[in-house]
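Residues 1 to 347 (the numbering used here) are what the sequence shown spells out, left to right.
The beta carbon of each residue, even a glycine, is placed where N, CA and C say it ideally should be.
This one's a predicted model, so the numbers in the text were calculated from it and none came from an experiment.
Okay, structure first, notes after.
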Amino acid sequence: MNNCVLGWDVGGAHLKAVLVQSDGRAVQAVQRMCPLWRGMDKLQQAVTEILDILPAHVTHHAITMTGELADIFPDRQTGVTRITEHMHGWLKNADIAIYAGAQGFLAPDAVGSHANIIASANWHASAEFLARRCGTALFMDVGSTTTDLVVLHSGKPLIRGYSDAERMATEELVYTGVIRTPVMAVARRLPFAGGWQQLAAEHFATMADVYRLTGELFEECDMGDTADRQGKSEHESARRLARMMGRDFSDADMAQWRQLARTLRSRQLWMLQSAVERQLSRRSFPDDAPIIGAGAGAFLVRELARVMNHPFIDVAQQIEGDSPITKWASVCLPAYAVAWLRARELA
């Protein structure tokens, strides 16, 4: 595996890794839970688990991150520095490259003065990869917690913001996802039993509960804890949604709870559609330009493309490799993208 690159996306809730050959072919993709806010030992455990299942020693590593936002760090610079130092220590005797957006890759000892462009740059790696592959398109990565939207034009990402703050202001980053997002962040009131029902402003349920009931959530992606740390069955998911309504599961039948889930889905879809419309309004976007979907919530991107009458491309189609691997690599797209970019640089 000395001619391969292992790409890492160090998140605050998950650690993702994709092994890529020198020709860009994905040969292995892995995701592990990594609740980084509980301590650096959680990251070490996830790194160890991933390294243990790799087929052989890997010489080259490419790293991007969003985990610097975890509240165990006093600020983003500290987070970037500590994550880099620890990853460098765990990946012994390896060539390690840290992704710094438009500046490309940096050595670990150069991180300190570039933390602001390393922090949360994983979206840029994905956009850079796809821009080189697809030319003009709208790229959407709907993850467990957030959604990235990037206009790709003539082979380059056409961005207005770079930092999280700038991207949130331009809606190139929308803080909504299909697993960890609290239901109370998607709606304040919903129609129920023929009337309007206020929702509790409490972390009683997440959007994973919604998508378990709609049957759309890729089971292997459903790694996050539930709001009450209980199970993930349909009954338990519906019970948590009922609590958001100040009710018990027994107050309605399953068909009503499924309808409630579909309503919440439509509210989240509307949030995303308004952000898409804002991006497409920036310049003339060709009618035949595709919307590219990635992440655990790519099924929502497919629906948005249909509603907005644009072709849909599943990002897995842009990844070289066997079908089961490319599916997982698409969920772990930033990890694949940094490995792909680094492999091209080393070629």
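For the set Arg212, Met245, Phe129, the Cα lying nearest the Cα of Glu236 is the one of Arg212.
Rounded to whole angstroms, the gap between the alpha carbons of Gly24 and Ala343 is 7 Å. With respect to the 8 Å criterion, Ile292 and Cys34 are not classified as neighbours on the basis of their beta carbons. Proximity to Arg302 across Gly231, Glu216, Ala335 peaks at Glu216, based on C-alpha coordinates. Assigned with DSSP and collapsed to three states, Tyr211 falls in helix. According to DSSP, residue pairing for His153 in a beta bridge involves Lys156.
Here DSSP, grouped into helix, strand and coil, assigns Arg229 to coil. In this structure, the beta-carbon distance from Pro290 to Phe312 falls below 8 Å. Here Gly177 is not near Thr170, since their CB atoms are 8 Å or more apart. Trp196 sits exposed, since fewer than 16 C-beta atoms from the chains shown fall within 10 Å of its C-beta. When Cβ pairs closer than 8 Å are counted between the two stretches, the segment 247–264 is seen not to touch the segment 321–332, the count staying below three. Between Val331 and Ala296, the CB-CB gap stays under 8 Å. Residue pairing by DSSP places Ala97 opposite Ala62 in a beta bridge. Distance from the Cα of Val111 is smallest, within the candidate group Pro191, Gly79, Arg265, for Gly79.
Between Glu68 and Ala119 a beta carbon distance of about 5 Å is seen, short of the 8 Å cut, so the two are scored as contacting. Rounded to the nearest angstrom, the gap between the Cα atoms of Leu190 and Leu241 is 12 Å. Within its own chain, the residues whose Cβ lies closer than 8 Å to the Cβ of Asn116, once the five positions on either side in sequence are excluded, are Arg76, Gln77, Ser163, listed in chain order. Per DSSP, Leu43 is one residue of the alpha helix (DSSP H) stretching across 40–53. In this model, Val210 and Met244 are separated by some 12 Å (Cα to Cα). Note on Arg306: under 16 other CB atoms within 10 angstroms of its CB, so exposed under the neighbour-count rule. When the five nearest sequence neighbours on each side are left out, no beta carbon in the same chain lies closer than 7 Å to the beta carbon of Pro74.
The C-beta of Asp288 has fewer than 16 other C-beta atoms within 10 Å across all chains shown, which makes the residue exposed.
Tyr336 is classed as buried because its beta carbon has at least 16 other beta carbons within 10 Å across all chains shown.
The C-alpha of Glu128 lies about 21 Å from the C-alpha of Ser144. Under the criterion of beta carbons closer than 8 Å, Val5 and His60 qualify as touching, at roughly 4 Å.
Taken through DSSP and simplified to helix, strand or coil, Lys16 comes out as strand.
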